[in-house]
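Number of protein chains: 2
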Amino acid sequence: MKKNETIKEIRQQIPQKSLSSFTLKVKRIGIDTKKHLVIYMREDCALCKSEGFRSEARIQISLGERWIIATLNVVTSEILKNHEIGFSESAWVKLGVRVGDEVIVSHANPLDSFGYVRAKLYGKPLARSGFKNIMKDMMEGRYSDIQLSSFITACVDLSQKEMIALTKTMSETGRQLKWGHKHIVDKHCVGGLPGNRTSMLVVPILAAQGLIIPKTSSRAITSPSGTADTMEVLAPVTLSMEAMKRVVEKEGGCLVWGGSVDLSPIDDVLVQVERALDLDSSKQLVASVLSKKIAAGSTDVVIDMPIGPTAKVRSKKEAQFLSSLFLNVAKAFDLNLTIVVTDGRQPVGRGIGPVLEARDVLSVLRGDEDAPQDLRERGLFLAAKIMGSCKGHTPQAALLEAKRILDDGRALKKFEAICEAQGGMRELHFASFKYVVTAKCEGVVKNIDNRLIARIAKLSGAPDSPSAGVDLHTPLGAHVGKGQPLFTIYATSAGELDHALYYFEAHQEVIKIREGSL
Amino acid sequence: MKKNETIKEIRQQIPQKSLSSFTLKVKRIGIDTKKHLVIYMREDCALCKSEGFRSEARIQISLGERWIIATLNVVTSEILKNHEIGFSESAWVKLGVRVGDEVIVSHANPLDSFGYVRAKLYGKPLARSGFKNIMKDMMEGRYSDIQLSSFITACVDLSQKEMIALTKTMSETGRQLKWGHKHIVDKHCVGGLPGNRTSMLVVPILAAQGLIIPKTSSRAITSPSGTADTMEVLAPVTLSMEAMKRVVEKEGGCLVWGGSVDLSPIDDVLVQVERALDLDSSKQLVASVLSKKIAAGSTDVVIDMPIGPTAKVRSKKEAQFLSSLFLNVAKAFDLNLTIVVTDGRQPVGRGIGPVLEARDVLSVLRGDEDAPQDLRERGLFLAAKIMGSCKGHTPQAALLEAKRILDDGRALKKFEAICEAQGGMRELHFASFKYVVTAKCEGVVKNIDNRLIARIAKLSGAPDSPSAGVDLHTPLGAHVGKGQPLFTIYATSAGELDHALYYFEAHQEVIKIREGSL
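Heads up: the protein sequence lines correspond to chains A and B, in order. Counting in this note's numbering, the first sequence runs from 1 upward without gaps. Counting in this note's numbering, the second sequence runs from 1001 upward without gaps.
Dropping the structure here:
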């Protein structure tokens, strides 16, 4: 090489290998990294060496017009061959590659919108433009988990103006529904009480009454069942937006899984990190709930807020604070919001787990004599609240109307019609393994731990095994004799049953009995 | 199974498989996840099923008395066999497992100390007890990256009291040195200017003068060389604490890599996430720097703070703010701290990259006629500042004394003695590929971009190839003729040279020339 050659000359001497001409063959290596997108490249890969890619770098992988941003893990073993690039399950699905595809890899562009997060940390409030830029990048998957974590942490403290801007921006990240009706009603329960499946009563009662209630629900995340899981044992819930609209237009209501209808989809991205941080931010909770309601085109919403020592909201003071946040934001969107504070000291109904909960709901709809009265009362109460808030009924008249619709079978008929419209009603199948936990002494049930009982139901296999779970026989205040059944654990395998029992052995405080005879 | 059997009876019927008796055989699967500890388990593994482990769960892996906390990735392919558990490189090293070992896996305990982070977010200042609990858990690897990110984000805003508590707690996470001398001196440069290797001049000058300067330095993280990298081409730098102490006791000074001596080791954990966030928190910078100095037993410290548009500190205002933070915290620890604001508009010396920088340092120490004067002046200036701050010399007398020590060869002799004491002085080997970039026009050099020139040096292979890098021929203000050499790129392979050139082609603004003849 001579001195003072021009760059052009040099580049003609060295074989052309401009970065954009390097491609790598995709390989699905079967590692599940959840929503986190991870890419695996060999340490001795020409691109790693030339681009200076290191583990944990954020890189862009392109296939034609499509691309994703992922985190790199460098591989030093033979799980990848030369010229191969490994995809985690999430990255494989997200980029939509197929065996044989070749992709182009480059450094991800700097994340300019993170500048708004930095500015917020240094005292500059986040405005609409900041949230818009941030959420655009988030929707494109440009934020790594630690950047998401930093955003969420920075947003624990939001002014009312910021909360409104965040809610509006979140509501615009997916579809935004418009309906040709004056009232679109909805309900949402803050912080899951096990068994609290009131939506499955409220929707048919209100739809039978003539209201429009396009209800979307979530699946279980850390709980033994979400409303979508419980509904799914009775009817399909994974409906497209168009299918959901057809159901609602035909029946006035639906009970579908929110994950398939693209309402405020950014919420899923944030919730995942919030959960891992266990960062219970009231302000983000409000933005999360209301952004979905606003995107769904709701006009009248009732929020069920259970209070109890093992519920999400633990005191009246907490409930007041959270309520004021909800009401202030709702006002900015002309949303007619009603907060209903309920008893959160114990599970609702008897069953915990999809099939057992669905059985309780059906039993209330059918008017069975032994139907769980607490579930029935809550369902009626919430339905009446919504009716009162948008139909102008007095509380008594609304409750009477809701009872009539439930008791004369119109609610059951509507529920069956909704199930049919969503794809056909299904029969319940119960678990074959069960074990009855009995009282060790005579006394009164004085405490039930919502979290522990949910954990036992989960360990027994719920919701992955829909028929697994727990049936609670003795609510708070019940008198029990020694040896009397307290709850039954259901499972679909002896191993899972054993596992739930093993956990119960170590956590017998799940049900506390104050000893003493009648 | 009959109803009402006791739990004991059931557990005798079902084969015993209490979780603690499950073990899995370790497998090193050769995935580099950097400091992030990752564990891979099969989806159909009995433990995943029974424990309900999911991807991204935090789990504890135990081998005898030792244990680590890691993030789980569930594997759905055949890269793991049944009863195997895969380890990322970092997890393998951290737990210290060997082929054939069997480990026990369980859920990680909840991270109680994160409660302090949550409380901080809700307005409660962090006190010593909070920082202590948090850092104990961090040192045990209990914090995931997103939890670290949340902590770092929450700590962007710290009061002076909190900064002092953080600094103290960090300084106690590793060793704390005590020396039997009145003055232990040190220096630190905030925000790397390429080529700014003044430590390699300051240490021998001050040690030759009789002061004690146990200097630890970092390796390059994102730059083409750290002082430890540059020093390493001349002598070993990975010394144990004991070996470092022996060098200092013999020669009065040392130039070792900080990573091996366990001073404020928590800093490495935090820096990794701060870098990924690119969150430039002055308060954490101060705690990071001072915690190391305090742990090292320093009494008198000079901070070199270069200001320039492409340096870390960009304005006088920023420098004033950062200086006041440094001084306030130092005061709480009775640390005699001097801030020296220097010119940060261009690289220091000529070479950028380990070998080229070491050549510059030696050339100054040897008093070569063409030695880079800017490097010499800075070294003398900083050495004099420290001398003045603890020996009571006037600025003029201190500078004169420093010059004498450098010019009469005592500094060179001391440097060679330190190299010998650290394990033996090494010879420099230069790169075989080079390319000279020349001026396209006649004019005056009016701008040099520190970041871009560092990037070119990095792409040429520095610091992994120690002899790679850039030699800058024309500082700011130099008159150049058309075709005159501006800088030379060195590399150890044609590919890397080409790669650096490719980058330069796209970023010719690295050196700006104001056109015009003399």
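Virtual Cβ for every residue (Gly too), placed ideally from N, Cα, C. Nothing here was measured: the structure is a model prediction, and the numbers come from that model.
Rounded separation between residue i and residue j - CA only
i	j	result
residue 1001 (chain B)	residue 437 (chain A)	Confidence is the limiting factor: at residue 1001 (chain B) the pLDDT is only 39, short of 50, which leaves the residue's position unreliable and the question unanswerable from this model.
residue 253 (chain A)	residue 246 (chain A)	10 Å
residue 1019 (chain B)	residue 1465 (chain B)	Note on residue 1019 (chain B): pLDDT 44, under 50, position unreliable in the model; no value is reported.
residue 293 (chain A)	residue 1450 (chain B)	50 Å
residue 431 (chain A)	residue 501 (chain A)	16 Å
residue 240 (chain A)	residue 261 (chain A)	6 Å
residue 1447 (chain B)	residue 1237 (chain B)	35 Å
residue 375 (chain A)	residue 194 (chain A)	11 Å
residue 1338 (chain B)	residue 1303 (chain B)	6 Å
residue 508 (chain A)	residue 1142 (chain B)	28 Å
residue 1506 (chain B)	residue 318 (chain A)	57 Å
residue 1091 (chain B)	residue 1301 (chain B)	37 Å
residue 249 (chain A)	residue 417 (chain A)	12 Å
residue 1011 (chain B)	residue 55 (chain A)	Residue placement at residue 1011 (chain B) is flagged as unreliable, the pLDDT there being 44, under the threshold of 50; a coordinate-derived value is accordingly withheld.
residue 178 (chain A)	residue 396 (chain A)	32 Å
residue 1004 (chain B)	residue 390 (chain A)	The predicted position of residue 1004 (chain B) is uncertain, since its pLDDT is 40 and thus under 50; no value can be drawn from it.
residue 1299 (chain B)	residue 1190 (chain B)	19 Å
residue 1163 (chain B)	residue 1287 (chain B)	6 Å
residue 365 (chain A)	residue 412 (chain A)	5 Å
residue 441 (chain A)	residue 517 (chain A)	9 Å
residue 1016 (chain B)	residue 504 (chain A)	With a pLDDT of 40 at residue 1016 (chain B), under the threshold of 50, the modelled position of that residue is not reliable, and no figure is offered here.
residue 1073 (chain B)	residue 180 (chain A)	47 Å
residue 1476 (chain B)	residue 1510 (chain B)	12 Å
residue 1274 (chain B)	residue 211 (chain A)	52 Å
residue 216 (chain A)	residue 160 (chain A)	26 Å
residue 1574 (chain B)	residue 1386 (chain B)	One cannot answer for residue 1574 (chain B) here, as it falls past the ends of chain B, which runs 1001 to 1518.
residue 1065 (chain B)	residue 1044 (chain B)	28 Å
Cβ pair residue i, residue j closer than 9 Å
i	j	result
residue 31 (chain A)	residue 89 (chain A)	yes
residue 1513 (chain B)	residue 1443 (chain B)	yes
residue 1131 (chain B)	residue 1165 (chain B)	yes
residue 1106 (chain B)	residue 1068 (chain B)	no
residue 1497 (chain B)	residue 1433 (chain B)	yes
residue 152 (chain A)	residue 277 (chain A)	yes
residue 349 (chain A)	residue 214 (chain A)	no
residue 1146 (chain B)	residue 145 (chain A)	yes
residue 353 (chain A)	residue 228 (chain A)	no
residue 230 (chain A)	residue 357 (chain A)	yes
residue 235 (chain A)	residue 367 (chain A)	no
residue 1137 (chain B)	residue 1111 (chain B)	yes
Cβ-heavy atom distance, residue i to the ligand GDP, below 8 Å
i	result
residue 1231 (chain B)	Of ligands this structure carries none, so the ligand GDP is not represented either.
Supposed close pair residue i, residue j - CB separation, criterion 8 Å
i	j	result
residue 1291 (chain B)	residue 1264 (chain B)	4 Å
residue 83 (chain A)	residue 148 (chain A)	Not really, about 32 Å apart at Cβ, beyond 8 Å.
residue 1295 (chain B)	residue 1176 (chain B)	5 Å
Test: residue i CB closer than 9 Å to a CB of chain D
i	result
residue 1073 (chain B)	In the structure shown, chain D does not exist; the protein chains are A and B.
Just list the alpha helix (DSSP H) runs in the region 1353–1435 of chain B, keeping only unbroken ones of 4 residues or longer that don't cross its boundaries, in chain order.
-> 1354–1366, 1373–1391, 1395–1407, 1410–1422
Report yes or no: do the region 1073–1087 of chain B and the region 1040–1048 of chain B share at least 3 C-beta pairs separated by less than 8 Å?
-> yes
Every unbroken beta strand (DSSP E) within the region 1233–1319 of chain B, with a cutoff of 3 residues, ordered by chain | 1253–1257, 1300–1307
Between the region 1168–1175 of chain B and the region 1207–1226 of chain B, are three or more C-beta pairs nearer than 8 Å?
-> no
Segment contact flag, the region 1376–1389 of chain B with the region 1339–1354 of chain B, C-beta cutoff 8 Å, min 3 pairs = yes
Cβ contact (3+ pairs, closer than 8 Å) linking the region 446–463 of chain A and the region 259–270 of chain A | In short, these stretches do not touch, since the Cβ pair count stays below three.
Which runs of the beta strand (DSSP E) fall wholly inside the region 1027–1103 of chain B and span at least 3 residues, in chain order?
-> If we require 3 residues or more, the beta strand (DSSP E) runs fully inside the region 1027–1103 of chain B come out as 1038–1042, 1058–1063, 1066–1075, 1084–1087.
Ordered list of beta strand (DSSP E) runs contained in the region 459–514 of chain A, each at least 3 residues | 469–472, 485–491
Should the region 305–325 of chain A be called in touch with the region 360–377 of chain A, which here means at least 3 C-beta pairs below 8 Å?
-> Output reads no: the region 360–377 of chain A does not touch the region 305–325 of chain A.
If we count Cβ pairs, one from each stretch, closer than 8 Å, do we get three or more for the region 1203–1218 of chain B versus the region 1402–1412 of chain B?
-> yes
Meets three-Cβ-pair contact criterion under 8 Å: the region 77–84 of chain A and the region 110–126 of chain A = no
Ordered list of alpha helix (DSSP H) runs contained in the region 1097–1159 of chain B, each at least 4 residues | 1114–1121, 1128–1139, 1145–1154
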